[in-house]
Amino acid sequence: MLRKETRMMKRKKTAKRLLITICGILNALIVVELVVKFVIGYPVISGRERHVFLPKIGRFRTLVLYEPFSEFWTVEGGNRAWRRNNIGLPGGDFDLKGERQNILLAGSSFIEAYHMSNDQTAAAEFQRQLDRQYPKEYNVINIGSAKHDPYLAWFRTRFFAGIYPPAKVVLPVEGMFHEWFTQYKTPLDFTIPERFGERVEASIFIRFTETIRRYSSMMNMLARSLKMASRENVTCTETVTSDRLLLPEAMKQVLLSFREDYGNDFLLVSFNNDVEENRALGFFCEQNEINFRSTEDILQPQYRFDGDGHLNIEGNRMLGEFLCRAFRETYKEPTQGTDSR
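First residue of the sequence shown? That's 537 in my numbering, and the numbers climb one at a time after it.
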(Lines of atoms letter the chains of each structure in order from A and count residues from 1; the text may use other names and numbers.)
(Lines give C-alpha, C1' and ligand atoms only; values in the text may rest on other atoms or scores of the structure.)
Protein backbone atom coordinates (compact mmCIF):
# COMPACT_ATOMS: atom_id res chain seq x y z
CA MET A 1 0.00 0.00 0.00
CA LEU A 2 2.80 2.35 0.93
CA ARG A 3 4.65 1.57 -2.31
CA LYS A 4 1.49 2.29 -4.29
CA GLU A 5 1.05 5.66 -2.59
CA THR A 6 4.73 6.46 -3.21
CA ARG A 7 4.36 5.66 -6.91
CA MET A 8 1.29 7.87 -7.12
CA MET A 9 3.13 10.72 -5.44
CA LYS A 10 6.02 10.40 -7.90
CA ARG A 11 3.60 10.42 -10.83
CA LYS A 12 1.90 13.54 -9.52
CA LYS A 13 5.27 15.28 -9.07
CA THR A 14 6.31 14.23 -12.59
CA ALA A 15 3.03 15.46 -14.05
CA LYS A 16 3.38 18.72 -12.13
CA ARG A 17 6.93 19.24 -13.40
CA LEU A 18 5.79 18.49 -16.95
CA LEU A 19 2.93 20.94 -16.64
CA ILE A 20 5.25 23.61 -15.27
CA THR A 21 7.69 22.96 -18.13
CA ILE A 22 4.94 23.19 -20.76
CA CYS A 23 3.59 26.40 -19.22
CA GLY A 24 7.12 27.81 -19.13
CA ILE A 25 7.68 27.00 -22.80
CA LEU A 26 4.32 28.50 -23.77
CA ASN A 27 5.01 31.63 -21.77
CA ALA A 28 8.45 31.93 -23.36
CA LEU A 29 6.94 31.55 -26.84
CA ILE A 30 4.34 34.18 -26.08
CA VAL A 31 7.01 36.58 -24.84
CA VAL A 32 9.18 35.94 -27.92
CA GLU A 33 6.15 36.43 -30.19
CA LEU A 34 5.32 39.75 -28.53
CA VAL A 35 8.92 40.93 -28.79
CA VAL A 36 9.23 39.92 -32.46
CA LYS A 37 5.86 41.43 -33.37
CA PHE A 38 5.73 44.64 -31.33
CA VAL A 39 9.32 45.45 -30.38
CA ILE A 40 11.19 44.32 -33.49
CA GLY A 41 8.17 44.92 -35.72
CA TYR A 42 8.62 41.82 -37.86
CA PRO A 43 5.47 41.35 -39.99
CA VAL A 44 3.36 38.25 -40.52
CA ILE A 45 3.26 36.71 -43.97
CA SER A 46 1.10 38.54 -46.46
CA GLY A 47 -1.62 37.07 -48.62
CA ARG A 48 -0.37 35.90 -51.98
CA GLU A 49 -1.29 34.03 -55.12
CA ARG A 50 0.93 31.70 -57.15
CA HIS A 51 0.75 31.57 -60.93
CA VAL A 52 2.33 29.26 -63.48
CA PHE A 53 5.56 30.87 -64.68
CA LEU A 54 8.47 28.70 -65.91
CA PRO A 55 7.86 25.07 -64.90
CA LYS A 56 11.16 23.88 -66.40
CA ILE A 57 13.24 26.26 -64.27
CA GLY A 58 13.06 25.00 -60.69
CA ARG A 59 13.29 28.23 -58.71
CA PHE A 60 10.91 30.00 -61.08
CA ARG A 61 8.18 27.43 -61.51
CA THR A 62 5.67 29.92 -60.17
CA LEU A 63 5.32 33.69 -60.01
CA VAL A 64 3.92 35.18 -56.79
CA LEU A 65 1.51 38.10 -56.56
CA TYR A 66 1.09 39.83 -53.19
CA GLU A 67 -1.78 41.67 -51.55
CA PRO A 68 -1.86 45.48 -51.81
CA PHE A 69 -0.02 47.25 -48.98
CA SER A 70 1.32 43.93 -47.65
CA GLU A 71 4.37 44.10 -45.40
CA PHE A 72 7.76 42.42 -45.79
CA TRP A 73 11.10 42.46 -43.98
CA THR A 74 14.40 43.63 -45.40
CA VAL A 75 17.94 43.39 -44.03
CA GLU A 76 20.13 45.41 -46.40
CA GLY A 77 20.31 49.04 -45.40
CA GLY A 78 19.01 48.27 -41.90
CA ASN A 79 16.58 45.66 -40.54
CA ARG A 80 13.07 47.01 -40.97
CA ALA A 81 9.63 46.38 -42.41
CA TRP A 82 8.37 48.02 -45.59
CA ARG A 83 5.02 47.93 -47.39
CA ARG A 84 4.25 47.14 -51.00
CA ASN A 85 2.15 49.60 -52.97
CA ASN A 86 -1.57 49.57 -53.74
CA ILE A 87 -1.21 46.83 -56.37
CA GLY A 88 1.12 44.65 -54.31
CA LEU A 89 4.36 45.67 -56.04
CA PRO A 90 7.36 47.76 -54.96
CA GLY A 91 7.45 51.42 -55.93
CA GLY A 92 4.91 54.22 -55.86
CA ASP A 93 1.16 53.70 -55.86
CA PHE A 94 -0.64 52.94 -59.11
CA ASP A 95 -3.25 55.40 -60.43
CA LEU A 96 -6.30 53.13 -60.48
CA LYS A 97 -8.81 55.80 -61.51
CA GLY A 98 -7.09 57.75 -64.26
CA GLU A 99 -6.43 56.90 -67.90
CA ARG A 100 -2.67 56.91 -67.74
CA GLN A 101 -0.58 54.79 -70.05
CA ASN A 102 1.45 52.02 -68.46
CA ILE A 103 5.23 51.79 -68.46
CA LEU A 104 6.43 48.35 -67.38
CA LEU A 105 9.77 48.78 -65.62
CA ALA A 106 11.47 45.37 -65.66
CA GLY A 107 14.83 44.33 -64.23
CA SER A 108 16.60 42.65 -61.34
CA SER A 109 16.71 43.30 -57.58
CA PHE A 110 18.31 46.68 -58.34
CA ILE A 111 14.97 47.75 -59.82
CA GLU A 112 12.79 45.82 -57.39
CA ALA A 113 14.62 47.66 -54.58
CA TYR A 114 12.89 45.85 -51.71
CA HIS A 115 15.51 47.31 -49.38
CA MET A 116 14.03 50.79 -49.88
CA SER A 117 10.72 52.38 -48.93
CA ASN A 118 8.31 52.75 -51.85
CA ASP A 119 8.94 56.46 -52.34
CA GLN A 120 12.73 56.02 -52.31
CA THR A 121 12.96 53.50 -55.17
CA ALA A 122 14.25 54.41 -58.62
CA ALA A 123 10.78 53.51 -59.95
CA ALA A 124 9.16 56.11 -57.66
CA GLU A 125 11.69 58.76 -58.67
CA PHE A 126 11.11 57.88 -62.33
CA GLN A 127 7.38 58.41 -61.73
CA ARG A 128 7.92 61.78 -60.01
CA GLN A 129 10.16 62.99 -62.82
CA LEU A 130 7.65 61.86 -65.46
CA ASP A 131 4.80 63.60 -63.64
CA ARG A 132 6.73 66.86 -63.88
CA GLN A 133 7.35 66.39 -67.60
CA TYR A 134 4.08 64.71 -68.58
CA PRO A 135 1.44 65.31 -65.86
CA LYS A 136 -0.99 62.40 -65.45
CA GLU A 137 0.29 60.76 -68.63
CA TYR A 138 2.09 57.61 -67.38
CA ASN A 139 2.02 55.00 -64.64
CA VAL A 140 5.41 53.43 -63.85
CA ILE A 141 4.77 49.82 -62.81
CA ASN A 142 7.79 48.27 -61.11
CA ILE A 143 7.94 44.59 -62.10
CA GLY A 144 11.63 44.14 -61.26
CA SER A 145 12.42 41.02 -59.27
CA ALA A 146 15.40 39.54 -57.42
CA LYS A 147 17.40 36.86 -59.28
CA HIS A 148 15.86 37.94 -62.60
CA ASP A 149 18.24 38.34 -65.52
CA PRO A 150 16.97 39.82 -68.83
CA TYR A 151 15.79 36.38 -70.03
CA LEU A 152 13.53 35.93 -67.00
CA ALA A 153 12.56 39.59 -67.26
CA TRP A 154 11.24 38.92 -70.77
CA PHE A 155 8.84 36.26 -69.44
CA ARG A 156 7.92 38.42 -66.44
CA THR A 157 7.11 41.29 -68.79
CA ARG A 158 4.86 39.00 -70.84
CA PHE A 159 3.04 37.98 -67.67
CA PHE A 160 2.39 41.52 -66.43
CA ALA A 161 1.58 42.80 -69.93
CA GLY A 162 -1.50 40.59 -69.70
CA ILE A 163 -2.59 42.45 -66.55
CA TYR A 164 -1.36 45.98 -67.30
CA PRO A 165 -1.06 46.39 -71.10
CA PRO A 166 1.99 48.61 -71.62
CA ALA A 167 2.48 51.64 -73.81
CA LYS A 168 6.21 51.33 -73.16
CA VAL A 169 8.58 48.72 -71.72
CA VAL A 170 11.81 49.86 -70.06
CA LEU A 171 14.55 47.38 -69.12
CA PRO A 172 17.42 48.74 -67.00
CA VAL A 173 20.44 46.42 -66.72
CA GLU A 174 23.46 46.64 -64.43
CA GLY A 175 25.70 44.17 -66.27
CA MET A 176 25.88 41.53 -68.97
CA PHE A 177 24.80 38.59 -66.76
CA HIS A 178 27.45 36.25 -68.19
CA GLU A 179 27.26 33.68 -65.39
CA TRP A 180 23.50 34.01 -65.04
CA PHE A 181 22.92 32.96 -68.65
CA THR A 182 24.96 29.76 -68.20
CA GLN A 183 22.09 28.16 -66.26
CA TYR A 184 19.99 27.93 -69.47
CA LYS A 185 20.25 25.75 -72.54
CA THR A 186 21.31 27.58 -75.68
CA PRO A 187 19.88 28.85 -77.89
CA LEU A 188 17.38 30.29 -75.44
CA ASP A 189 13.81 29.02 -75.67
CA PHE A 190 11.20 31.81 -75.77
CA THR A 191 8.22 29.47 -76.03
CA ILE A 192 5.47 30.47 -73.61
CA PRO A 193 4.79 27.46 -71.33
CA GLU A 194 1.39 25.78 -71.23
CA ARG A 195 -0.96 27.27 -68.65
CA PHE A 196 1.36 30.29 -68.38
CA GLY A 197 -0.13 32.74 -65.90
CA GLU A 198 -2.81 30.41 -64.56
CA ARG A 199 -3.34 30.47 -60.82
CA VAL A 200 -1.88 27.52 -58.92
CA GLU A 201 -3.49 26.21 -55.74
CA ALA A 202 -0.97 25.74 -52.94
CA SER A 203 -0.56 22.29 -51.38
CA ILE A 204 -2.26 21.45 -48.09
CA PHE A 205 1.11 21.63 -46.31
CA ILE A 206 1.89 25.10 -47.69
CA ARG A 207 -1.60 26.36 -46.84
CA PHE A 208 -1.19 25.01 -43.29
CA THR A 209 2.24 26.60 -42.74
CA GLU A 210 1.15 29.90 -44.27
CA THR A 211 -1.89 29.99 -42.00
CA ILE A 212 0.45 29.77 -39.01
CA ARG A 213 2.75 32.43 -40.47
CA ARG A 214 -0.23 34.70 -41.11
CA TYR A 215 -0.86 34.93 -37.36
CA SER A 216 2.66 34.55 -35.95
CA SER A 217 5.49 36.99 -36.65
CA MET A 218 7.92 34.65 -34.88
CA MET A 219 7.05 31.67 -37.09
CA ASN A 220 7.16 33.84 -40.19
CA MET A 221 10.63 35.11 -39.24
CA LEU A 222 11.84 31.54 -38.61
CA ALA A 223 10.42 30.24 -41.89
CA ARG A 224 11.86 33.18 -43.82
CA SER A 225 15.29 32.69 -42.25
CA LEU A 226 15.34 29.01 -43.19
CA LYS A 227 14.27 29.83 -46.74
CA MET A 228 16.97 32.47 -47.16
CA ALA A 229 19.61 30.10 -45.76
CA SER A 230 18.65 27.46 -48.32
CA ARG A 231 19.19 29.96 -51.14
CA GLU A 232 22.63 31.14 -50.12
CA ASN A 233 24.33 28.61 -52.36
CA VAL A 234 22.28 29.29 -55.50
CA THR A 235 23.13 32.95 -56.08
CA CYS A 236 24.61 33.69 -59.47
CA THR A 237 27.57 36.04 -59.54
CA GLU A 238 29.60 37.53 -62.33
CA THR A 239 33.06 36.06 -62.86
CA VAL A 240 35.52 37.90 -65.08
CA THR A 241 37.36 35.69 -67.55
CA SER A 242 39.70 36.78 -70.31
CA ASP A 243 37.95 34.83 -73.08
CA ARG A 244 34.33 35.82 -72.48
CA LEU A 245 32.46 37.95 -75.01
CA LEU A 246 31.65 41.51 -74.06
CA LEU A 247 28.10 40.89 -75.24
CA PRO A 248 26.84 37.31 -74.61
CA GLU A 249 24.83 35.65 -77.38
CA ALA A 250 22.04 35.07 -74.86
CA MET A 251 21.79 38.81 -74.23
CA LYS A 252 21.50 39.42 -77.96
CA GLN A 253 18.68 36.88 -78.24
CA VAL A 254 16.81 38.48 -75.34
CA LEU A 255 17.09 42.00 -76.71
CA LEU A 256 15.92 40.90 -80.16
CA SER A 257 12.93 39.20 -78.54
CA PHE A 258 12.03 42.39 -76.65
CA ARG A 259 12.32 44.33 -79.91
CA GLU A 260 10.16 41.81 -81.72
CA ASP A 261 7.45 42.07 -79.08
CA TYR A 262 7.43 45.82 -78.42
CA GLY A 263 9.24 47.44 -81.33
CA ASN A 264 9.94 51.13 -80.79
CA ASP A 265 8.08 50.97 -77.47
CA PHE A 266 11.01 49.09 -75.92
CA LEU A 267 13.84 51.00 -74.26
CA LEU A 268 17.03 49.41 -72.92
CA VAL A 269 18.88 51.39 -70.25
CA SER A 270 22.30 50.34 -68.94
CA PHE A 271 23.72 51.71 -65.69
CA ASN A 272 26.63 49.28 -65.87
CA ASN A 273 29.87 51.04 -64.89
CA ASP A 274 31.87 49.14 -67.54
CA VAL A 275 32.52 51.50 -70.46
CA GLU A 276 33.51 48.76 -72.92
CA GLU A 277 30.44 46.64 -72.21
CA ASN A 278 28.17 49.65 -72.61
CA ARG A 279 29.88 50.47 -75.90
CA ALA A 280 29.34 46.90 -77.16
CA LEU A 281 25.72 47.00 -76.04
CA GLY A 282 25.17 50.35 -77.71
CA PHE A 283 26.68 49.16 -81.00
CA PHE A 284 24.43 46.08 -81.05
CA CYS A 285 21.34 48.16 -80.30
CA GLU A 286 22.20 50.66 -83.01
CA GLN A 287 22.64 47.86 -85.56
CA ASN A 288 19.30 46.33 -84.60
CA GLU A 289 17.22 49.49 -84.12
CA ILE A 290 16.78 49.06 -80.38
CA ASN A 291 16.36 52.19 -78.27
CA PHE A 292 19.33 52.44 -75.88
CA ARG A 293 20.78 54.81 -73.30
CA SER A 294 23.65 54.24 -70.86
CA THR A 295 25.61 55.84 -68.03
CA GLU A 296 28.62 54.79 -65.97
CA ASP A 297 27.99 57.33 -63.20
CA ILE A 298 25.47 55.46 -61.03
CA LEU A 299 26.88 52.02 -60.19
CA GLN A 300 29.68 53.52 -58.11
CA PRO A 301 30.73 52.53 -54.55
CA GLN A 302 29.45 55.75 -52.96
CA TYR A 303 25.95 55.08 -54.28
CA ARG A 304 25.78 51.45 -53.05
CA PHE A 305 25.28 49.91 -49.64
CA ASP A 306 28.67 48.93 -48.20
CA GLY A 307 30.29 49.96 -51.47
CA ASP A 308 29.23 46.87 -53.45
CA GLY A 309 25.60 46.17 -52.52
CA HIS A 310 22.38 47.45 -54.02
CA LEU A 311 21.86 51.12 -54.73
CA ASN A 312 21.36 53.31 -51.66
CA ILE A 313 18.94 56.24 -51.43
CA GLU A 314 21.14 58.54 -53.52
CA GLY A 315 21.83 55.79 -56.06
CA ASN A 316 18.11 55.10 -56.51
CA ARG A 317 17.41 58.81 -56.90
CA MET A 318 20.09 59.12 -59.58
CA LEU A 319 18.85 56.04 -61.41
CA GLY A 320 15.27 57.32 -61.36
CA GLU A 321 16.38 60.65 -62.78
CA PHE A 322 18.43 58.93 -65.47
CA LEU A 323 15.52 56.68 -66.44
CA CYS A 324 13.34 59.74 -66.98
CA ARG A 325 16.05 61.51 -68.93
CA ALA A 326 16.59 58.45 -71.13
CA PHE A 327 12.83 58.12 -71.64
CA ARG A 328 12.45 61.81 -72.52
CA GLU A 329 15.35 61.70 -74.98
CA THR A 330 13.92 58.59 -76.65
CA TYR A 331 10.28 59.64 -76.76
CA LYS A 332 10.25 63.39 -77.27
CA GLU A 333 6.51 63.75 -76.75
CA PRO A 334 4.02 61.53 -74.84
CA THR A 335 2.22 59.44 -77.43
CA GLN A 336 0.00 56.41 -77.49
CA GLY A 337 1.86 53.12 -77.75
CA THR A 338 2.84 52.33 -81.32
CA ASP A 339 4.17 49.24 -82.95
CA SER A 340 7.11 49.92 -85.25
CA ARG A 341 7.67 46.30 -86.23
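Ideal placement from N, C-alpha and C gives every residue a C-beta, glycine not left out.
For Gln-637, no alpha helix (DSSP H) run applies; the uninterrupted beta strand (DSSP E) run containing it begins and ends at 637-641, by DSSP. Closest option to Pro-579, judged by alpha-carbon separation, among Pro-604, Phe-608, Arg-597, Glu-585: Phe-608.
Counting every other CB atom within 10 Å of its CB across the protein chains shown gives Ile-561 a total below 16, marking it as exposed.
Pairing Trp-716 with Gly-843, the inter-Cα distance amounts to about 22 Å. Counting C-beta pairs closer than 8 Å gives fewer than three between the stretch 583-594 and the stretch 676-687, which falls short of the contact rule. Among the bridge pairs identified by DSSP, Pro-591 is matched with none. When DSSP states are grouped into helix, strand and coil, Ala-682 belongs to the coil group. Taking Lys-592 as reference, the option from Gly-624, Gln-719, Gly-845, Tyr-798 with the minimal CA-CA separation is Gln-719.
About 12 Å separates the beta carbons of Phe-646 and Gly-856, which is beyond the 8 Å limit, so they are not a contact pair. Secondary structure note for Phe-717: its alpha helix (DSSP H) is the uninterrupted segment 714-717. Counted as a single uninterrupted DSSP element, the alpha helix (DSSP H) harbouring Glu-865 occupies residues 849-866.
By alpha-carbon distance to Glu-825, the top candidate from Thr-831, Glu-832, Leu-817 is Leu-817.
Residue pairing for Ile-556: DSSP places it in no beta bridge. Exposure of Gln-823 is indicated by the presence of fewer than 16 other C-beta atoms within 10 angstroms of its C-beta.
When only Cα atoms are considered, Thr-610 and Asp-810 end up about 29 Å apart. For Asn-827, the enclosing beta strand (DSSP E) covers residues 827-830. Taking the C-beta atoms as reference points, Asp-631 is found no nearer than 9 Å to Asn-621. The stretch 732-742 makes no contact with the stretch 668-678; the number of CB pairs closer than 8 Å stays below 3. In the structure shown, Lys-549 adopts helical secondary structure according to DSSP, grouped into three states.
With 16 or more other Cβ atoms from the protein chains shown falling within 10 Å of its own Cβ, Glu-813 counts as buried. When the Cα atoms are used, Glu-635 and Leu-762 turn out to be separated by approximately 43 Å.
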